[in-house]
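*Asks:* Below is a structure I'd like to ask you about.
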Amino acid sequence: MPRVKGVRDILPDETPVWRFLEQKIHAQAAAFGYREIRTPTFEATELFVRSVGSETDIVNKEMYSFTDQAGKGLTLKPELTAPVIRAYIQNNLHREAPLTRLYYIDALYRQERPQKGRLRQFHQFGAEAIGSPYPEQDIEIITLAYDICSAFCSDLTVRLNTIGDPSSRGTFLELLRKSLEPHSAAFGPLDRRRLQSNPLRLFDSKDEHTQDLLDRFAPRIHEHVSSEDAEHFATVKSGLEALGLPVVHDPKLVRGLDYYTRTTFEIISPHLGAQDALCGGGRYDRLVEDLGGPSVPAVGFAAGIERLLIAAGGELPGQAPPNQVDVYLVSKGDRSTQPAIELAAKLRKSGYVVIMETLRRSIKAQFREANRTGARAVLILGDDEIAAGSVTLKLMDSGHQETISLDRATDILGDYLRPERPVDGG
RNA sequence: GUGGGCGUAGCUCAGCUGGUUAGAGCACCUGGUUGUGGCCCAGGAGGCCGUGGGUUCAAGUCCCAUCGCUCACCCCA
């Protein structure tokens with residue numbers, strides 16, 4: 006049975022890295038006063054159609070949608086802002102406080118062709134601040150995103166832009182289309198289609214020719230937003246610069262989800278290949294209301310964990326060492342099996358990490374296994390020890406070996422090594 | 001959905017212009033120690049050479065198809 010295309014197993018060698026990363030995310034989000042939220046794996050399909058946008062690629066061709074036995078249209082979540090906002094509305098979080106700060110770590114699903122930094126099931130962490138319209142909230146969100154990413158990756162850049170309010174966007178799109186239509190013959194077939202259907206998308210075309218035409222003829226969206234929008238943008242930008250973040254204004258940064266207003270941003274790494282963004286986000290002042298909630302503004306981001314790990318390149322700075330094994334319990338002979346089980350249980354109650362032999366291998370093979378697991382000590386329970394009511398202790402580093410009383414094994418072991426695990430109940 | 005690259009041992013990969021029993025390193029197992037790890041030495045196990053068809057006296061090697069992986073496009077984290 007092969008695995009499904011575009012999904013990955015995270016094997017025991019890698020899970021410590023994931024845990025380490027997750028711990029950092031929890032700690033950093035907590036440092037900013039954000040609280041964790043967990044939403045269901047699937048939602049009503051309608052939620053994503055209405056929030057992400059019915060004309061977007063995510064909704065049109067990337068969702069894992071299905072019908073349940075009651076005939077309800079459901080979808081595995083392809084992004085997290087909409088579910089979080091849905092939960093915010095449904096649980097009346099807006100009644101509890103005027104501002105809600107939430108963060109999450111979760112798996113998402115999009116049916117795309119896999120490539121570097123792109124999977125069908127992938128993981129994101131992110132945060133949403135719901136309630137504040139002010140630029141300091143944008144700054145807080147971007148700072149949080151940057152702080153977490155830069156804890157693991159170097160050479161990051163924050164790309165920043167504003168796309169204004171949807172009310173002014175219609176006139177800009179008209180202007181954009183008019184400025185480029187005289188040159189439509191010079192576009193490739195794909196970009197010519199975009200000129201009609203979604204001209205904003207032309208800005209992130211990879212066609213050099215298109216980019217050249219844009220540079221020469223296209224108006225820039227940030228020059229066609231309201232003065233309030235422009236001021237908001239200027240405050241965000243200067244605020245981030247004052248903090249020393251590597252910010253660049255990218256007038257061509259537009260984002261593919263329909264709900265963004267004003268601020269859009271990405272964090273990019275040169276180590277990622279074609280998908281250079283490891284984090285993306287922005288402000289969405291209309292979404293909460295559009296989904297049936299109160300009229301409150303919000304801003305947020307999402308970062309791809311797999312992309313972050315690629316950008317981090319191998320070892321993460323400050324990574325915790327793998328689990329330490331205290332004792333490998335070697336046993337030999339039928340009469341030693343039950344005493345070994347009991348000794349292992351007793352040692353674990355005292356807080357030691359204990360691995361016991363369950364393959365009835367030779368002593369030599371058991372020692373090889375003990376060495377492989379990195380055990381600090383070996384305890385031998387064989388026929389001789391059973392007869393004498395003792396156990397043989399060997400320290401793997403020094404090779405020191407002695408025979409000790411079975412009853413006092415825990416105490417004597419404690420003279421040589423402290424337990425790695427905290428004992429339950431302190 | 002479209003295009004490029006690649007499929008040989010658990011992993012990383014050799015295998016020249018088709019030529020006889022398909023190799024290496026690492027990992028694994030056993031022995032060198034009647035009950036003692038790492039290092040070393042000796043040995044061992046492990047391969048429908050992705051799959052199916054074709055060309056040929058002969059195919060891991062050439063041709064076609066198919067599946068898978070991968071990178072890129074579209075789009076996104």
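By the count of my numbering, the first sequence reaches residue 431 at its end, each step adding exactly one.
Don't be surprised by glycine CBs; every beta carbon is placed ideally from N, CA and C.
#1: Go ahead and pull the three-state DSSP assignment for PHE192.
#2: Where does VAL396 land, buried or exposed, given buried means 16+ other C-beta within 10 angstroms?
#3: Mark THR408 as exposed unless 16 or more other C-beta atoms lie within 10 angstroms of its C-beta, in which case mark it buried.
#4: Which class does LEU185 belong to by DSSP, given the choice of helix, strand or coil?
#5: Going by beta carbon distance, what residues of the same chain come within less than 8 Å of LEU296, once the five residues before and after it are set aside?
#6: Does DSSP put ASN65 in a helix, in a strand, or in coil?
#7: Once the 5 residues before and after ASP263 are set aside, which same chain residues still bring their CB inside 7 Å of it?
#8: Can you tell me the Cβ-Cβ gap for TYR109 and GLY136, rounded? I've got them flagged as a contact below 8 Å.
#9: Return the Cβ separation of ARG125 and GLN116 in integer angstroms, given the expectation that the two are a contact with Cβ distance under 8 Å.
#10: Could you give the DSSP three-state label for LEU248: helix, strand or coil?
#11: List the whole-angstrom C-beta distance separating PHE306 from ILE146, where the pair is believed to meet the contact cut-off of C-beta under 8 Å.
#12: Which term fits LEU248, buried or exposed, when burial requires 16 or more other beta carbons within 10 angstroms of its beta carbon?
#13: Just mark ILE273 as buried or exposed, buried being the case when its beta carbon has 16 or more other beta carbons within 10 Å.
#14: Reducing DSSP to helix, strand and coil, say where LEU16 ends up.
#15: Does DSSP put GLY463 in a helix, a strand or coil?
#16: Runs of 3 residues minimum, wholly inside the segment 353-430: which ones carry the beta strand (DSSP E) assignment?
#17: Which residue or residues does DSSP assign as beta-bridge partners of VAL335?
#18: How would you call MET6, buried or exposed, if buried means at least 16 neighbouring beta carbons within 10 angstroms?
#19: Could you say which of GLN129, ASN166, ALA156, PRO103 lies nearest to PRO138 if we only look at CA atoms?
#20: How should HIS405 be labelled, buried or exposed, when 16 other C-beta atoms within 10 angstroms of its C-beta is the threshold for buried?
#21: For LEU205, which of LEU181, ASN328, GLU67 has the nearest alpha-carbon?
#22: Along the beta strand (DSSP E) that carries PHE47, what are the first and last residues, could you check?
#23: Assuming contact is defined by CB atoms lying nearer than 8 Å, are ARG2 and GLY287 in contact in what I supplied?
#24: Beta carbon of SER189, beta carbon of ARG197: below 8 Å?
#25: Within its chain, find whatever has a CB closer than 7 Å to the CB of VAL252; leave out the 5 residues flanking it on each side and keep chain order.
#26: Which whole runs of the beta strand (DSSP E) in the segment 251-283 are 3 residues long or more, in chain order?
#27: Please report the Cβ distance between LYS5 and ILE144, rounded to the nearest whole angstrom; I am assuming they are in contact, meaning their Cβ atoms lie under 8 Å.
#28: With DSSP as the reference, identify every bridge partner of ASN96, one or two as the case may be.
#29: Keeping to the same chain, check which residues put their C-beta closer than 8 Å to that of GLY169; ignore five residues upstream and five downstream.
#30: If we ignore side chains and look at the alpha-carbon of each, how far apart do HIS214 and PRO119 end up?
#31: For ARG377, count neighbouring C-beta atoms within 10 Å of its own C-beta (all shown protein chains included) and say buried if the count is 16 or more, exposed if not.
#32: State the DSSP-derived secondary structure class of THR240, mapped to helix, strand or coil.
#33: Answer with buried or exposed for PHE71, where buried requires no fewer than 16 other C-beta atoms within 10 angstroms of its C-beta.
#34: Under DSSP, the alpha helix (DSSP H) around ILE146 begins and ends at which residues?
#35: Does the distance from the CB of GLY76 to the CB of THR50 come in under 8 Å?
*Replies:* Looking at the atomic coordinates:
#1: Against the first sequence, residue 192 aligns to sequence position 187. It is coil, neither helix nor strand.
#2: In the first sequence, residue 396 corresponds to position 391, counting from 1. Buried.
#3: As a first step, residue 408 is located in the first sequence; it is residue number 403 there, counting from the start. Result: exposed.
#4: Mapped onto the first sequence, residue 185 falls at position 180. In this structure, LEU185 counts as helix in the three-state DSSP scheme.
#5: Translated into the one-based positions of the first sequence, residue 296 becomes position 291. So the list reads LEU52, ARG55, SER56, ALA87, ILE90, ARG91, ILE94, once near-sequence residues are dropped.
#6: Position 60 of the first sequence holds residue 65. Correct three-state label for ASN65: helix.
#7: Working through the first sequence from its first residue, we reach residue 263 at position 258. Same-chain partners within the cutoff: VAL57, GLY58, THR61.
#8: As a first step, residue 109 must be located in the first sequence, where it is residue number 104. As a first step, residue 136 must be located in the first sequence, where it is residue number 131. Not confirmed; about 17 Å, so no contact.
#9: Against the first sequence, residue 125 aligns to sequence position 120. Against the first sequence, residue 116 aligns to sequence position 111. At roughly 6 Å, the Cβ-Cβ gap stays under 8 Å, so ARG125 and GLN116 are in contact.
#10: Stepping through the first sequence from its first residue, residue 248 is reached at position 243. LEU248: coil per DSSP, three-state reduction.
#11: Position 301 of the first sequence holds residue 306. Position 141 of the first sequence holds residue 146. Between ILE146 and PHE306 the Cβ distance is about 6 Å, and since that is below 8 Å, they are a contact.
#12: For the purposes of this step, residue 248 is taken as residue 243 along the first sequence, with counting starting at 1. With fewer than 16 Cβ atoms within 10 Å of its Cβ, LEU248 is classed as exposed.
#13: Your numbering for residue 273 matches position 268 in the first sequence. Buried: at least 16 other Cβ atoms inside 10 Å.
#14: As a first step, residue 16 is located in the first sequence; it is residue number 11 there, counting from the start. It is coil, neither helix nor strand.
#15: Shown here, the chain extends from 6 to 431; a query on residue 463 therefore has no answer.
#16: 359-361, 382-386, 395-400, 406-410
#17: Translated into positions along the first sequence, residue 335 becomes position 330. According to DSSP, which records beta bridges pairwise, VAL335 is partnered with ILE385.
#18: Looking up residue 6 in the first sequence gives position 1. Flag for MET6 reads exposed.
#19: Translated into the one-based positions of the first sequence, residue 138 becomes position 133. Measuring from the Cα of PRO138, the nearest candidate turns out to be PRO103.
#20: Translated into positions along the first sequence, residue 405 becomes position 400. Exposed: under 16 other Cβ atoms inside 10 Å.
#21: As a first step, residue 205 is located in the first sequence; it is residue number 200 there, counting from the start. Of the listed residues, the one whose Cα sits closest to LEU205 is LEU181.
#22: Here the question's residue 47 lines up with position 42 in the first sequence. Per DSSP, PHE47 belongs to the beta strand (DSSP E) from 47-49.
#23: Past the boundaries of the shown model lies residue 2; the chain is included only from 6 to 431, so the question cannot be answered.
#24: Position 184 of the first sequence, counted from the start, is the residue given in the question as residue 189. Position 192 of the first sequence, counted from the start, is the residue given in the question as residue 197. Against a cut-off of 8 Å, the Cβ pair of ARG197 and SER189 comes out as a contact.
#25: Counting from one through the first sequence, the residue named residue 252 turns up at place 247. Same-chain partners within the cutoff: VAL163, LEU165, LYS242, LEU245, GLU246.
#26: 252-254, 266-273
#27: With the chain running from 6 to 431 in the structure shown, residue 5 is simply not present.
#28: Locating residue 96 in the first sequence gives position 91, where the first residue counts as 1. According to DSSP, which records beta bridges pairwise, ASN96 is partnered with nothing at all.
#29: In the first sequence, counting from the first residue as 1, residue 169 sits at position 164. PHE177, ILE226, HIS227, HIS229, VAL230, SER231, ASP234, THR266, ARG267.
#30: Here residue 214 refers to the residue found at position 209 of the first sequence. Here residue 119 refers to the residue found at position 114 of the first sequence. Distance between the alpha carbons of HIS214 and PRO119: 27 Å.
#31: For the purposes of this step, residue 377 is taken as the residue at position 372 of the first sequence. When all chains shown are included, ARG377 counts as exposed.
#32: For the purposes of this step, residue 240 is taken as residue 235 along the first sequence, with counting starting at 1. Helix, per DSSP.
#33: As a first step, residue 71 must be located in the first sequence, where it is residue number 66. Flag for PHE71 reads exposed.
#34: As a position in the first sequence, residue 146 is number 141, starting the count at 1. 140-155 is the span of the alpha helix (DSSP H), which, as asked, contains ILE146.
#35: Position 71 of the first sequence, counting from 1, holds the residue named residue 76. Position 45 of the first sequence, counting from 1, holds the residue named residue 50. No, the pair does not count as a contact, with Cβ atoms beyond the cut-off.
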